[in-house]
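Protein chains in written order, with my numbering: chain H, 1 to 199; chain V, 1001 to 1199.
2 protein chains.
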Amino acid sequence: MLGSLPSFARLEAELGKLPGIGSKTAARLAFHLLRTSEAEVGALAEALLEMKRKVRFCEQCFHIAEDRLCAICASDHRDRGLLCVVEQPQDLLAIERSNSYKGLYHVLHGVLSPLDGIDPEDLKIPQLQQRLTTEGFEEIILATNFSVEGEVTALYLARLCRENGLSASRLAHGIPSGSGLEYIDAGTVQQAVSGRRTL
Amino acid sequence: MLGSLPSFARLEAELGKLPGIGSKTAARLAFHLLRTSEAEVGALAEALLEMKRKVRFCEQCFHIAEDRLCAICASDHRDRGLLCVVEQPQDLLAIERSNSYKGLYHVLHGVLSPLDGIDPEDLKIPQLQQRLTTEGFEEIILATNFSVEGEVTALYLARLCRENGLSASRLAHGIPSGSGLEYIDAGTVQQAVSGRRTL
Chain H
1 MLGSLPSFAR LEAELGKLPG IGSKTAARLA FHLLRTSEAE VGALAEALLE
51 MKRKVRFCEQ CFHIAEDRLC AICASDHRDR GLLCVVEQPQ DLLAIERSNS
101 YKGLYHVLHG VLSPLDGIDP EDLKIPQLQQ RLTTEGFEEI ILATNFSVEG
151 EVTALYLARL CRENGLSASR LAHGIPSGSG LEYIDAGTVQ QAVSGRRTL
Chain V
1001 MLGSLPSFAR LEAELGKLPG IGSKTAARLA FHLLRTSEAE VGALAEALLE
1051 MKRKVRFCEQ CFHIAEDRLC AICASDHRDR GLLCVVEQPQ DLLAIERSNS
1101 YKGLYHVLHG VLSPLDGIDP EDLKIPQLQQ RLTTEGFEEI ILATNFSVEG
1151 EVTALYLARL CRENGLSASR LAHGIPSGSG LEYIDAGTVQ QAVSGRRTL
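See the structure below:
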């Protein structure tokens, strides 16, 4: 019956293109928006367009930014001897939320995955190489995820650091806070045991 | 760190207002849209605005429509002696998808709920009353949901039908297709037993 309602069907179709939004959720959202005031729907539409117009990537670290440099690269309050390499801007934000790091970042925008044809040149690795030789870092923290691709990427980057005479570290791998051992996968438990610390 | 990214933070906030979209999902969607082409984000924004501009409610049955009357009320191929009363446009669409009904509809846009202060005048019940006296229906199918409020509303409307000399029916209440008895609530099983049919 939506054949006679092209604008409603079109909104459902557009919403259904979003990740994790199936056709039922898309319909539910469209019906919600139908009952939402024109001003509120307009605000959502404008937010979409404004984000697309204003947000770009930092020219230095490739985090999201609204200027040439992101707020972190532009800040005077960061330790410029430390560089933390992450896969995605989301990972950077997670580290910032932890309030445990005051250095700079480099966002790769992906991980190495030769099987999918993703080589260093497809990521921001050439730009990282450039920074390693020019910015005088003391330590590089490789904070790619603990997935197969994340580990492979960290190994690749560790070699890159060594070639530039820089020490590289990796985030600690173990049991997260508040988690019972029985619910943790065997690989993580194994890492936690082999990486145990003397008290 | 999103303080320096007002347009991205604003999009996250707007997405987070949608039902069922929490702050983590809103962030995930915003990051997805960040990587989506400007044309595709524009298409979503335009679909939102166009829906709001074009979609209204049918003047006769209050289903969603882009004209004065919805496609069902305007059609020459519907049985005008049958009226099916539903709570929401979504319910109408579910019945249409079943391909089992060729009459007209009336959408209440809610259910009676005296505790929440929802009286007949807050729904499209006065307009239904008007249709019952003028359109010459033979049967009214009360297809409100089998919730407490839906049942109360159906009872209220059944009395309204009787007062207008019209017969009212209710959708069959029982075990859905493909469902095992063990997973069905006791109330539904009770209804299915009392409503059993001789083969």
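C-beta atoms are modelled at their ideal positions from N, C-alpha and C, and glycine is treated no differently.
Item, Value
"Given the structure, does H:E149 come close to the ligand ADP, in the sense that its CB is under 7 Å from one of the ligand's heavy atoms?", "With respect to small molecules bound, the structure shown includes none, and the ligand ADP cannot be examined in it."
"When the Cα of V:V1152 is compared with those of V:P1120, V:P1006 and V:F1057, which residue comes out closest?", "V:P1120"
"Let me know if H:E135 comes out buried or exposed under the rule of 16 or more other beta-carbons within 10 Å of its beta-carbon.", "exposed"
"Would a C-beta distance cut-off of 8 Å place H:Y105 and H:C61 closer than the cut-off?", "yes"
"In three-state terms, what does DSSP make of V:H1109?", "coil"
"Less than 8 Å between the C-beta atoms of H:F8 and V:V1111, yes or no?", "no"
"Would you check if there are 3 or more beta carbon pairs closer than 8 Å linking the stretch 157-167 of chain H to the stretch 180-193 of chain H?", "no"
"Applying the criterion that 16 or more other CB atoms from any shown protein chain within 10 Å of the CB defines a buried residue, is H:C124 buried or exposed?", "First, the amino acid is wrong: residue 124 of chain H is Lys here, not Cys. By the 10 Å Cβ count, H:K124 comes out buried."
"So is V:F1137 in contact with chain H if we call contact Cβ pairs under 8 Å?", "no"
"Give a yes or no on whether the minimum CB-CB distance between H:Q90 and chain V is below 8 Å.", "yes"
"Inspect the beta-carbon positions of V:G1081 and V:F1137 and report whether they are closer than 8 Å.", "yes"
"Hey, is H:I64's beta-carbon within less than 8 Å of any beta-carbon in chain V?", "yes"
"Measuring alpha carbon to alpha carbon, tell me which of V:G1174, V:E1014 and V:R1028 ends up nearest H:L93.", "V:R1028"
"Closest to H:R162 by C-alpha separation, out of H:Q129, H:F146, H:A47 and H:S179, would be which residue?", "H:Q129"
"The beta strand (DSSP E) that contains V:G1081, what's its start and end?", "D1079 to V1086"
"Given H:D116, which residues of its chain have a CB within under 7 Å of its CB, disregarding the five upstream and five downstream residues?", "none"
"Are any of the Cβ atoms in chain A nearer than 8 Å to that of H:F146?", "In the structure shown, chain A cannot be found, because the protein chains are H and V."
"Report the partner residues of H:G103 according to the DSSP bridge assignment.", "H:D79"
"Between H:I95 and the rest of its own chain, which residues show a CB-CB distance below 6 Å, the 5 nearest in sequence each way excluded?", "Y101"
"One question on the structure: do H:G16 and H:A26 come within less than 8 Å of each other, judged by their Cβ atoms?", "yes"
"Cα separation between V:L1069 and H:A74?", "58 Å"
"Please check if any C-beta of chain H sits within less than 8 Å of the C-beta of V:A1143.", "no"
"Relative to the alpha-carbon of H:V85, which residue among H:S147, H:E139, H:R10 and H:S37 has its alpha-carbon at the smallest distance?", "H:E139"
"Which residues, in chain order, does the stretch 102-128 of chain H contribute to contact with chain V at a C-beta distance below 8 Å?", "none"
"Using beta-carbon positions only, say whether H:S169 and H:I141 come within less than 8 Å of one another.", "yes"
"Name the DSSP bridge partner or partners of H:L142?", "H:V85 and H:R170"
"First and last residue of the alpha helix (DSSP H) that includes H:Y156?", "V148 to E163"
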